[in-house]
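Visitor: Quick note: to get our numbering, add 25 to the position in the sequence shown (first position is 1).
Have a look at this one before I ask anything.
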Amino acid sequence: MKKRNGFFSFSIVTVALLALSLSLTAASLAWKHFQMARTYEETVRLTYLAESALHEGWDQLCRHPDDFLQGRPIPVPQAEGLASLGEQLSVRCRYQPAGAVAGGFLKAQAAVPDSAVQQTCGLRFEVRADEQGRPVLHRCQYVN
26 MKKRNGFFSF
36 SIVTVALLAL
46 SLSLTAASLA
56 WKHFQMARTY
66 EETVRLTYLA
76 ESALHEGWDQ
86 LCRHPDDFLQ
96 GRPIPVPQAE
106 GLASLGEQLS
116 VRCRYQPAGA
126 VAGGFLKAQA
136 AVPDSAVQQT
146 CGLRFEVRAD
156 EQGRPVLHRC
166 QYVN
């Protein structure tokens, strides 16, 4: 009788430990899935913010190309108003007047430093002079 009781107790403890390890594994996988969903949500939000900042920066660059092609920072107050606490936005313009065709690159970046998630997008463009010699932007191409 003692052998049967010991084997029965061992079987119950083994099944209980298996059930416990299975539930801990399921909880761990659920937590990882939740973290992945949060990261995806953050990535989508940052993509939207970067593209909004890029659009606003492009509008500013088209209105006043002389100022921003010389390296002045491009303010994007509307896009910054969309950003939540801790999210950073930046829009930069790099312009190279030398070469076969004068051109540049407008880059927008949205980032959350705490989670190390960031998204960037950009526009390539060419610059030509109009009749008065002012720069005019041509051949805009989106780069993700």
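C-beta: ideal position from N, C-alpha, C; glycine also.
Just so you know, these numbers come straight off a predicted model, no measurement behind them.
Quick one, which of 161, 147 and 146 has its alpha-carbon nearest residue 153's?
Guide: Reading the sequence shown from its first residue, position 128 is the one you call residue 153. The residue with the shortest Cα to Cα distance from residue 153 is 161.
Visitor: Around the Cβ of residue 168, are there at least 16 other Cβ atoms within 10 angstroms (buried) or fewer (exposed)?
Guide: Start at 1 with the first residue of the sequence shown, and residue 168 comes out as number 143. Exposed, by the Cβ-count rule.
Visitor: Using beta-carbon positions only, say whether residue 146 and residue 136 come within less than 7 Å of one another.
Guide: Translated into positions along the sequence shown, residue 146 becomes position 121. Translated into positions along the sequence shown, residue 136 becomes position 111. Taking 7 Å as the Cβ cut-off, residue 146 and residue 136 do not qualify as a contacting pair.
Visitor: Terminal residues of the continuous beta strand (DSSP E) containing residue 131?
Guide: To locate residue 131, count along the sequence shown from 1; it is residue 106. First-last of the beta strand (DSSP E) with residue 131: 128-137.
Visitor: When we look at the beta-carbon of residue 90 and count the other beta-carbons within 10 Å, is it buried (16 or more) or exposed?
Guide: Taking the first residue of the sequence shown as position 1, residue 90 is located at position 65. With 16 or more other Cβ atoms within 10 Å, it is buried.
Visitor: What residues in its chain sit with their C-beta under 7 Å from that of residue 45, if we drop five residues either side in the sequence?
Guide: On the sequence shown, position 20 is the one that residue 45 refers to. Around residue 45: no qualifying Cβ.
Visitor: Contact between the segment 72-88 and the segment 111-122 is defined here as three or more beta-carbon pairs at a separation below 8 Å; is this criterion met?
Guide: Result yes; three or more Cβ-Cβ pairs closer than 8 Å.
Visitor: At what residue ranges does the segment 70-126 contain a whole run of the beta strand (DSSP E), taking only runs of 3 or more?
Guide: Qualifying beta strand (DSSP E) stretches, in chain order: 113-121.
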